[in-house]
Every structure is written in structure tokens, then in C-alpha cells.
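Quick notes on the structure that follows.
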Amino acid sequence: MASYVPVSSREIASRMAFRRRLWFSYHSRGSPAGKGFFLGITMLAAAAIYSLPNGSWLPVVLPRFYRGALTKALAGRDATRLPRMEIWINPACSKCRSALTLLDAEGAEYTVRRYLEDVPSEAEIREVLGRLGLEPWDITRTSDPLAKETGVRDLPREATDEARARWIAHLATHPKLIQRPIITAEDGTAVVARSEEAVREALSRKA
Numbered sequence: 004m005a006s007y008v009p010v011s012s013r014e015i016a017s018r019m020a021f022r023r024r025l026w027f028s029y030h031s032r033g034s035p036a037g038k039g040f041f042l043g044i045t046m047l048a049a050a051a052i053y054s055l056p057n058g059s060w061l062p063v064v065l066p067r068f069y070r071g072a073l074t075k076a077l078a079g080r081d082a083t084r085l086p087r088m089e090i091w092i093n094p095a096c097s098k099c100r101s102a103l104t105l106l107d108a109e110g111a112e113y114t115v116r117r118y119l120e121d122v123p124s125e126a127e128i129r130e131v132l133g134r135l136g137l138e139p140w141d142i143t144r145t146s147d148p149l150a151k152e153t154g155v156r157d158l159p160r161e162a163t164d165e166a167r168a169r170w171i172a173h174l175a176t177h178p179k180l181i182q183r184p185i186i187t188a189e190d191g192t193a194v195v196a197r198s199e200e201a202v203r204e205a206l207s208r209k210a
């Protein structure tokens, strides 16, 4: 019996954009023979390689005439897809180092983001909050001396767009106040992974 695998709306949009690029590339071929060959190649290749990280092997299997269109389609796919698993860390944090050690021990594939250097935008923080199912003050290090210095403790904790926006803007300006580590799981959710149990919970959430 076939099983149903949930797919996130972001993943669906990415796949649709990928297919549209292939469709436009198909219609750009002038002759019926050219269209037929392109369609046959891309139907087989796209189905096989959609889950691969890149199209680096394309020069081996595709004629140069068709390489460009499919490579561009793959590039567009990767640009709109979130990493399968990403961990936001501060290397100086012992909890972050412990999480990385456990991920490596379990053979997990993930991307490391040093968020003090690669500072998340307000949109990214908002997206991660949605994946966590938390409010911005829930992931704010309010006990940090910086929280007192910057006045974030005095911001209203109200479930309104205006209040949330003020907290999110503050976190984007002062990323040191973001709780860590945060792991985005394969199923589109996320966890604040400050314990071994939380890290294992993230690993268990498969797409």
C-alpha cells in the first residue's frame, strides 16, 4: 500500500518552480525533434537528480546544447530550498559544541551557521519562530547582561504583530541574544537543542 509522505508548502513551491523552468526550457526548443529529445532527457534526469545537492555531473551525461537549461533549473531549485538540517551556533557555547558532537556521532548531514557572523535577517528569525512554534521572547536570552543593557526585557510580551516585530527587530540587531543552539529539522520544524534529548528529537524528525 502506498504511504503518504507530508511535504511542506515551501518544498512544493520549490518543486513547482523547478518544473516550470524545465517546461519553459522545453518550449524554447525550435524543432519537434529538439523538443522531443530535450523532454526525454529531462524527464529521466530530473526525476533521478532532484534530491541531489547539485548538478556537477551534468557535463558527463548531457550534450552541451541541453546542459545550460537544466543546470539553471537546478540552480533555481537550490536557491529556494531550505537546508535539510541546519544548526545555528556560537562556537564559544558548550551546548552548541555538545550538539555538534552528537550530530557527528549520529552521522547526521547538516549545515552549520555561526549566527553571530552570518546574522539572521528579521524574515529568517520569523521563519524559524514559525518552525519552532514559539514567540520571539521565548528564544531571547533575557538573563544575558546585554538584554539589560539594550532594554529588551522591557519590551511588551503581547501576542500582537507589533509586539512580535519589536522583539524580532531587536534579535536581528543583537543576535547574541538569540538562544542557542537551534536546529532546523528535516520535516520543516525546529528545536532549541540545549539538551541531548532535544538534539535526538531533531534527528528523529524526518521529512
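Position one of the sequence shown corresponds to residue 4 (my numbering), numbered consecutively onward.
All residues carry an ideal CB built from backbone N, CA and C; glycine is no exception.
For my contact list, residue i and residue j are in at a C-beta cut-off of 8 Å; report their separation, rounded to the angstrom.
i: Ile92; j: Arg117; result: 6 Å
i: Leu206; j: Ala111; result: 6 Å
Alpha carbon to alpha carbon, what distance is there between residue j and residue i?
i: Leu149; j: Leu180; result: 7 Å
i: Glu200; j: Thr153; result: 32 Å
i: Val194; j: Gly136; result: 9 Å
i: Gly191; j: Asp157; result: 32 Å
i: Glu161; j: Pro139; result: 10 Å
i: Leu174; j: Glu125; result: 8 Å
i: Glu127; j: Gly133; result: 10 Å
i: Glu120; j: Glu204; result: 27 Å
i: Arg144; j: Val131; result: 16 Å
i: Val155; j: Arg183; result: 17 Å
i: Thr187; j: Pro178; result: 17 Å
i: Asp197; j: Pro123; result: The displayed chain sequence assigns Arg, not Asp, to residue 197. Distance between the alpha carbons of Arg197 and Pro123: 19 Å.
i: Ile171; j: Glu165; result: 10 Å
i: Leu105; j: Lys98; result: 11 Å
i: Ser146; j: Ile185; result: 18 Å
i: Ala210; j: Glu189; result: 5 Å
i: Thr114; j: Thr163; result: 32 Å
i: Pro159; j: Glu109; result: 41 Å
i: Gln107; j: Arg208; result: For the record, residue 107 in the displayed sequence is Asp; it is not Gln. If I take the Cα positions, the gap works out to 17 Å.
i: Arg167; j: Ile90; result: 23 Å
Alpha helix (DSSP H) containing residue i: first to last residue?
i: Ala193; result: Here Ala193 belongs to no alpha helix (DSSP H); instead the beta strand (DSSP E) covers 193-195.
i: Thr187; result: Unbroken run through Thr187 is the beta strand (DSSP E), 185-187; no alpha helix (DSSP H).
i: Pro148; result: 148-153
i: Thr176; result: 164-176
i: Ala201; result: 199-207
i: Arg212; result: The structure shown does not extend to residue 212, since the chain spans only 4 to 210, so no value can be given for it.
In the segment 81-115, which residue ranges form an unbroken alpha helix (DSSP H) of at least 4 residues, counting only runs that do not cross its ends? Inside the segment 81-115, DSSP marks whole alpha helix (DSSP H) runs of 4 or more residues at positions 97-108, from first to last along the chain.
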